[in-house]
Amino acid sequence: MGYALWLDKGTAITELYQGIITMSKAYDPAVVEAKQRKIWESRGDYTIDMNKADKPFYNLMMFPYPSAEGLHVGNCFAFIGSDIYGRYQKMQGHSVFEPMGFDAFGIHSENFALKVKKHPAKLTAENVRNFRENQLKRLGNMFDWSHSLDTTDPAYYKWTQWIFLQLYKNGLAEQRESAVNWCPACKTVLADSQVEDGYCERHGDVKVEQRTLKQWFFKITNYAERLLNNLETIDWPEAVTSVQRSKIGRSTGAMVTFRLEDGELFEIFTTRPDTLWGVTYMVFAPEHPLVERVTTPSRKQAVADYQDEARKKSQFERQEMIKEKTGVFTGGYAVNPVNGARVPIYIADYVLMDYGTGAIMAVPAHDSRDYEFAKVMNLEITEVIAPDGVAQGDLGEAYSGPGLMINSGPFNGTPEGEGVGKVTAWLETQGFGRGSINYRLRDWCVSRQRYWGPPIPIIHCDKCGTVPVPEEDLPVLLPESDDYIPDGSGKSPLARNEEWTRCTCPKCGGPARRETDVSDNFLDSAWYYLRYPSVGMDERFIDPSITKKWCPADMYIGGKEHSFGHLLYIRFITMVLHDLGYLDFEEPVKSFRAHGIITKDGGKMSKSKGNVVNPDAIIDRYGADTFRLYLMFIGPFMLGGDYDDQGIVGCRRFVERVFDWVNKGENKTRPEDCVRSMHRTIKKVGEDIPTLSYNTAIAQLMTYINDLRAADCRHRECLETLVKLAAPFIPFVAEELWEKLGHKHSVFAAGWPSYDESMLVENTVTVVIQVNGKLRGELQTPRDMDRAEVEKLALADERVQKHIVGEVRKVIVIPNKLVNIVAK
RNA sequence: GCGAGAAUGGCGGAAUUGGCAGACGCGCUGGACUUAGGAUCCAGUGGGGCGACCCGUGUGGGUUCGAGUCCCACUUCUCGCACCA
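So the first sequence is residues 0 to 823, counted in numbering that gives the first Met the number 0.
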């Protein structure tokens, strides 16, 4: 070549030039992607004018916390799956708003900062930049970066604090002493959802302890009923709603008033008031306030010891002891209101202080836990429900089946199902109790004794007590201190910052101190979807008219690990803001879909296992389009699947085939089979995307390009349809090819193709012939052939006849599908 | 223990008013092109049998002309919850 250049410049340059042209025709993802990304950005294709846009569609996806490790395949999988849905909606003519932001406050970020000894603010800024510039922008998602947000930005957390104040002012936030989960490694309080099997979610091997601290709580329990009832009305997967249902844990029963021997009254909750006559003892939680009162002098030591023991045990350890029930007798007695029976009072850690009233009536005959305890303690067991009304004696376990009430005074003979209601009504008339509903759900502890979060906007004044920071003083800025390392004192590092903590009381002007706890990072993410459309609005947390137009979000896609925590809190905060008149809807999203997870070699990707797939490297090697396509092809989006290094090449081949086929230029070849294949593909892809069945949509696209190639069809309509249908999956290549086909505007503005129903039906059909249910032949017949005619042809088939041994008893004809000959 | 889901070739997975099991892709086998092939293209590929055929969707029953699909019982696995009175 060099020689040719030197000898004959003209020829050689032409050759060289042609070589470059050939090269440029070959698919180079880096070139295509850089080019199209630039065009999208300069054209502002994905920047939405929130006021003007028509047919708004809010496509929300769970935002990431920007870790130092960078975006992982799981994030990519979720974002890409969500983007495909969004791009499809765009091609349906919607103005699709697809924002992305950063959940950058919180323990995740802070712990990492501590580990690498870098200030979290600095680290977060670096990580956010890396996520956005080097990773998210390469995925090919249509993010509207003009509406991005970062929860650590004072312009954002100003409003997080404002929301805290709204809850406070409306009696939904309060500070109280409470036993909480304490992680000695994080040196902070954890929410129940951050505790796994008694261990810290972040530090897998660190046991969570119980501590009693003054904490801020949001009264989510006030909303338990609505949070539960609304589940019936929202379009969410059953798997998620059932988790929420069980966590809310509604049970109906009765509150029954018992009496201590000294006349003091106390209440217990039961779901089985019909077994009241079977109460043979009572149990208080070790922490129950009446324990001291009922304990007799001789039992004092034993009771105190037991209380000590229980206090030391974490909640998990208490639960671990399920097999062996423990407890001690207090020496005290209560009186059963229904029959005046004198029943002993025990304390035991199988009764929890924070459910119901922290005290129970024990019916060992009909409750397995009470039965176990009674056996250990050698307590009396009285049957009050018996099948056919005949007592069964000790069965070796509690009897919880159906039966008639016995030994129950006026209710003898009542079936247990009716008994609950009848006894409850009777209790009310007697003044012994009332119907009651209890929830498992606990109030939301939002205090965190950490540095990296929005300071809770409260001031403590000796004179005025707890005073909210005036709204005009928001945000309460997180001081840029280097002293942010938690010390395990149970107080936030902020408490050591005298200068920051000291302030004046907004009410009396006297000296006061700031609240030093920061709020839970779940509060940041409980309202972010409301902020996206109103990003930039300084004077209010949201713009009402924009919110009305865009919210609730049309689709929300995220991980099901958030079924309980985030997804409950976001609903709760939305309901509260609705009740306070800020929103005209009370559920945050119209539809929610949970995606699956991507594993590697069957296991969750983790650094310790060394099976982490690096998305950047995959994109470098195969291109973002192939990466997108492959992730979606692994398996059903809602199930996820296992990442396989080998499998991705099939997707790269598909992308190249599409690229090459369109680049080859159109021709006029167009057999009818191709047209049919095109219509089938339009139908299939259009049906699969809305149900997130991306894997089967892609399979159909592969079938389609195979059909086109086999028939050498590059008819314009067939090619354009191919590009359009593939566009949500491989947006860069699709855009490039759309341009190649001579279009000036984006393929995403080109609309979604429609199919012709008549093209879906074949004129000739294959009818299979079975003899006694076994496949023995097939017929090619015209569509909708006369039944008798088909039957005749089937019976005449040589191979079929061979298999008919006896007389033909019956012939079943399913038109256009099958003939089954039943012969003896 | 309770709740939800799942089980289909060597692998990922398709297939629902019950009607050709294994679409699509990976891998594998053979071939073409090639100096070369870890590129590309073509053909084949559930198991057994030379064959006609036989067997085959976790196990065992059932309904049906016909079952991966429906019913009953069971096994295994995954996930979630777990003393909530």
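Ideal Cβ positions, reconstructed from N, Cα and C, are used throughout, including at glycine.
Taking each of THR625, ASN662, GLN769 in turn and checking the Cα distance to ASP644, the smallest one comes out for THR625. Annotated three-state conformation of MET60 is strand, per DSSP. Here ILE83 is not near PRO635, since their CB atoms are 8 Å or more apart.
In the DSSP annotation of this structure, the continuous segment of the beta strand (DSSP E) that includes ALA172 starts and ends at 172-182. Beta-bridge partners assigned by DSSP to VAL517: ARG447, PRO454.
Inclusion of GLU514 and ILE457 in the CB contact set at 8 Å is warranted, their separation being smaller than that value.
Each residue's CA atom was taken as its position, placing PHE521 and GLU585 some 18 Å apart. Shown here, LYS723 sits in a helix according to DSSP, grouped into three states.
ALA552: member of the beta strand (DSSP E) spanning 552-558, first to last residue. Of the residues ASN338, VAL290, PHE431, the one whose Cα lies closest to the Cα of GLY330 is VAL290.
Note: TRP215 is bridge-paired with GLN174 in the DSSP secondary-structure output.
Between the stretch 714-721 and the stretch 677-692 there are three or more inter-stretch CB-CB distances shorter than 8 Å, so the stretches are counted as touching. The C-alpha of ALA793 is placed about 15 Å away from the C-alpha of ARG782. Within the model, the alpha-carbon separation for GLY601 versus VAL445 is close to 36 Å. Non-local C-beta neighbours of THR251 in its own chain, meaning closer than 6 Å and more than five positions away in sequence, comprise ILE436, ordered along the chain. Straight through space, the alpha carbons of PRO119 and LEU759 are spaced by roughly 59 Å.
Exclusion of the five residues before and after ILE618 leaves ARG137, PHE626 as the residues of its chain whose Cβ lies within less than 6 Å of its Cβ. For the pair of segments examined, the stretch 95-105 was found not to touch the stretch 423-441: the number of CB pairs separated by less than 8 Å stays below three. Cα atoms of ILE359 and PHE268: separation of roughly 7 Å, rounded to the nearest angstrom. Contact between THR279 and THR381 holds, since their C-beta atoms are separated by about 6 Å, short of 8 Å. Pairing HIS146 with THR232, the inter-Cα distance amounts to about 30 Å. TYR754 has its alpha-carbon roughly 58 Å from the corresponding atom of TYR450.
Taking ASP102 as the centre and dropping the five residues before and after it, the same chain places the C-beta of PHE62, TYR64, THR150, SER524 closer than 6 Å to its C-beta, in chain order. Here the alpha carbons of ALA397 and ALA385 stand approximately 11 Å from one another. HIS744 is classed as exposed because its beta carbon has fewer than 16 other beta carbons within 10 Å across all chains shown. Residues ILE556, HIS594, LEU630, MET631, PHE636, LEU691, TYR693 of the same chain have their beta carbon placed closer than 8 Å to that of GLY80, with the five preceding and five following residues left out of the count.
GLY326 sits close to MET376, with the two beta carbons spaced by under 8 Å. In this structure, DSSP gives ARG782 a state outside helix and strand, which the three-state scheme calls coil. Put simply, the backbone Cα of ASP659 is about 12 Å away from that of ALA733. For CYS673, the three-state secondary structure derived from DSSP is helix.
Straight across, the Cα-Cα distance linking ALA184 with PRO478 is about 24 Å. Of all C-beta pairs linking the stretch 461-480 to the stretch 501-520, three or more are shorter than 8 Å, placing the two stretches in contact. Ranking ILE803, HIS287, PRO814 by CA distance to the CA of ALA787 puts PRO814 first. Here DSSP, grouped into helix, strand and coil, assigns HIS459 to strand.
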